[in-house]
Amino acid sequence: MNIREWPADERPREKLLQRGAAVLSDAELLAVLLGSGVAGRNVVDLARGLLRRFGGLRQFLEAERSAVLSEPGVGPVKYAQLQALLEIGRRYLDETIERAPALESPRAVRRYLKSMLRHEPSEVFGCLFLDSKHRPLAFEILFRGTIDRASIYPREVVRRSLLHNAAALILCHNHPSGNCEPSQDDVHMTLSLKRGLAMIDVRVLDHVIVGDGEPLSMVEQGWIAG
């Protein structure tokens, strides 16, 4: 059935305007972004098919450009709009976290770090630099590696901490495999960085590992002391 024949309050765009974006399903949200369907398929059916094909909303939005553009109904213009939306979301979270008066919510920090790292196809390591009141100063990805490893250089972490005049920081890295469980190398590296940074009076508050689902806090899991 053509979407124009649906009741007005069931059409994704009208539903969003009347009841807010939170009530829409993943397929309905994607349908709003796509705007139109293809011959024989309305936009909601098109969106549902794309989510099934790629395995979900995140997988679709982070898929290779060639794979997305090979799908009927998704041309270069729509692909560019989807990528712009992703970047707007990341920058919105970036500005939100940097305007925060203090990091009072560990969940908000983990959500922010996930938005910064989860889309990375290879392992990366970053730092969220904080002042003496734990207000964000800057976030940086310092090292990039392969699918399962990134080489970490403590001297560079110390140098960037001094550059930002940080009093504390939160370490983070991603596991592209999706498994957030830290390796022994992760634990040893974190303890080594804590000792090195303590020599310049910079505290390591946590090390967050980003994978599928909720990011893991090494402090909350008892792997390191905060």
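In UniProt numbering, the protein residues as written are 1 to 226. Beta carbons: idealized from backbone N, C-alpha and C, even for Gly.
Let's see if you can read the secondary structure: which residues bound the beta strand (DSSP E) around residue i?
| i | result |
| --- | --- |
| A168 | A168 to N174 |
| H207 | R203 to V210 |
| A138 | P136 to R144 |
| V44 | First-last for V44: V43 to F54, but that is the alpha helix (DSSP H), not the beta strand (DSSP E). |
| L130 | V124 to L130 |
Of the choices the options, whose alpha-carbon is the least far from that of residue i?
| i | options | result |
| --- | --- | --- |
| G75 | I88, F54 and V38 | V38 |
| D186 | R203, G211, I88 and W223 | W223 |
| R155 | A198, K15, V219 and D26 | A198 |
| S122 | E62, P72 and I3 | E62 |
| D26 | S192, L169, R58 and W6 | R58 |
| P136 | L85, N165 and R195 | N165 |
| R48 | G73, N174 and R91 | G73 |
| L142 | S132, M116 and K133 | M116 |
| E220 | E5, R118, R110 and H119 | R110 |
| L86 | E140, H119, G213 and M189 | H119 |
Assuming residue i and residue j form a contact by the criterion Cβ under 8 Å, report the distance between their Cβ atoms to the nearest whole angstrom.
| i | j | result |
| --- | --- | --- |
| G126 | S177 | 18 Å between Cβ atoms; not a contact. |
| A167 | V202 | 6 Å |
| L69 | L130 | 41 Å between Cβ atoms; not a contact. |
| P106 | S217 | 7 Å |
| T190 | H207 | 5 Å |
What are the boundary residues of the alpha helix (DSSP H) that residue i is part of?
| i | result |
| --- | --- |
| L191 | Q184 to A198 |
| residue 276 | Residue 276 lies beyond the range of the chain shown here (1 to 226); nothing can be said about it. |
| K15 | P12 to R19 |
| R118 | R118 -> no alpha helix (DSSP H), and no H or E assigned at all. |
| S66 | R65 to L69 |
| E28 | D26 to L34 |
| P72 | From DSSP, P72 is part of no alpha helix (DSSP H); its letter is neither H nor E. |
Flag this pair as touching only if the segment 24 to 41 and the segment 75 to 87 have three or more C-beta atom pairs under 8 Å; answer yes or no. Enough Cβ pairs lie closer than 8 Å, so yes.
Looking at C-beta atoms only, is the number of pairs between the segment 41 to 52 and the segment 13 to 24 that lie closer than 8 Å three or more? Contact between the segment 41 to 52 and the segment 13 to 24 is absent: fewer than 3 CB-CB pairs across the two stretches fall below 8 Å.
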